[in-house]
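K.L.:
Just dropping this structure here.
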Amino acid sequence: MTLTADYMTFSGRIQPFSRSAMGFSASPLQRMTFETTVAFMRDSLIHGDDDYLASPSSRLVVGGLLRGGTGIFDLILPKHEALGSFKKSC
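What follows is the structure, encoded as structure tokens:
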């Protein structure tokens, strides 16, 4: 519920979480994930809309990582340390 409330108020005003409000989203893929996939897809194709994969919904559609939570950073560990801890646990 917190995520929904955050989405509805991030612009500084309350916007409805409905099909009509989703039509104003800049992301064609995000619009398609809501209710009327075919209608939003048709309109996006006719108008040649671009999607820069900025929204979590559009990134999930194409199998991309979210830019938040555990997807916000890369964990880099030297190979010898990773293998050493694996061998100790076995």
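Heads up: the sequence shown begins at 1 in my numbering, then just goes up one per residue. Ideal placement from N, C-alpha and C gives every residue a C-beta, glycine not left out. As the structure is a prediction and not an experimental result, all values here were calculated from the model.
Anyone know if the C-beta pair for L29 and D51 falls short of 8 Å?
P.N.:
Counting from 1 along the sequence shown, the entry for residue 29 is found at position 29. Counting from 1 along the sequence shown, the entry for residue 51 is found at position 51. Yes, the pair counts as a contact, with Cβ atoms nearer than the cut-off.
K.L.:
Return the CA-CA distance between H47 and S27, expressed in angstroms with no decimal places.
P.N.:
Mapped onto the sequence shown, residue 47 falls at position 47. Mapped onto the sequence shown, residue 27 falls at position 27. Cα to Cα, the separation comes out at about 13 Å.
K.L.:
Taking Cβ positions, are L53 and G64 nearer each other than 8 Å?
P.N.:
Here residue 53 is taken as the residue at index 53 of the sequence shown, counted from 1. Here residue 64 is taken as the residue at index 64 of the sequence shown, counted from 1. Yes. Within cutoff.
K.L.:
Distance, Cα to Cα, A39 vs F17?
P.N.:
The sequence position of residue 39 within the sequence shown is 39, counting from 1. The sequence position of residue 17 within the sequence shown is 17, counting from 1. Answer to the nearest angstrom: the Cα atoms are 18 Å apart.
K.L.:
Within 10 Å of its beta-carbon, does M1 have 16 or more other beta-carbons around it, so buried, or fewer, so exposed?
P.N.:
Reading the sequence shown from its first residue, position 1 is the one you call residue 1. Exposed, since its Cβ has fewer than 16 Cβ neighbours within 10 Å.
K.L.:
Can you grab the Cα-Cα spacing for the pair M41 / R31, in whole Å?
P.N.:
Numbered from 1 along the sequence shown, position 41 holds the residue referred to as residue 41. Numbered from 1 along the sequence shown, position 31 holds the residue referred to as residue 31. For M41 and R31, the distance between alpha carbons rounds to 8 Å.
K.L.:
Buried or exposed: which applies to P78, given that a residue is buried once 16 or more other Cβ atoms fall within 10 Å of its Cβ?
P.N.:
On the sequence shown, position 78 is the one that residue 78 refers to. P78 should be labelled exposed.
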